[in-house]
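Notes follow once the structure below has been shown.
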Amino acid sequence: PGSSADDKKKAGERLAKRFEYLQAQLGEQPFLTGATFSVADAYLYTLLTWTAFVGIDLGQWPNLKAYLERVAARPAVQKAQAAEKAA
2 PGSSADDKKK AGERLAKRFE YLQAQLGEQP FLTGATFSVA DAYLYTLLTW TAFVGIDLGQ
62 WPNLKAYLER VAARPAVQKA QAAEKAA
């Protein structure tokens with residue numbers, strides 16, 4: 002909240018570059034390293050869920066948006082989220 006508009010703009014630009022990289026990295030594969038879910042995917046999923054809290058629309062990065070939905074649909078992720086909400 003204490004950041005200037007210029008700082009927020011610069012941070013948004015840096016974040017967009019990283020999202021572009023991830024967009025390309027995912028390409029047509031389901032997970033970061035290919036067909037197999039890894040710890041990197043668990044971490045990326047967590048980070049991407051934060052975008053909703055800070056008002057970042059992933060619509061301009063369709064691979065990231067689809068990835069977030071795909072990981073969210075995993076039974077283990079749903080179970081973990083349910084446990085977190087219950088706590």
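Counting in our numbering, the sequence shown runs from 2 upward without gaps. All C-beta atoms in this analysis are idealised placements derived from N, C-alpha and C, irrespective of residue type, glycine included.
Alanine 77 has its alpha-carbon roughly 28 Å from the corresponding atom of glutamate 21. Residue nearest to tyrosine 68 within the set Ala84, Glu29, Ser4, Lys11 is Glu29 (criterion: CA-CA distance). Residue state for glycine 60 is assigned as helix, using DSSP reduced to three classes.
For proline 76, the enclosing alpha helix (DSSP H) starts and ends at 76-87. Scanning its chain for C-beta atoms nearer than 6 Å, with the 5 sequence neighbours on each side dropped, one finds around tyrosine 46 the residues Val72, in chain order.
The closest CA to that of glutamate 14, considering only Ser39, Ile57, Pro31, is found on Ile57.
Sequence-distant partners of lysine 66 (beyond 5 residues in either direction) whose C-beta falls short of 8 Å from its own C-beta, in its chain, are Leu59, Gly60.
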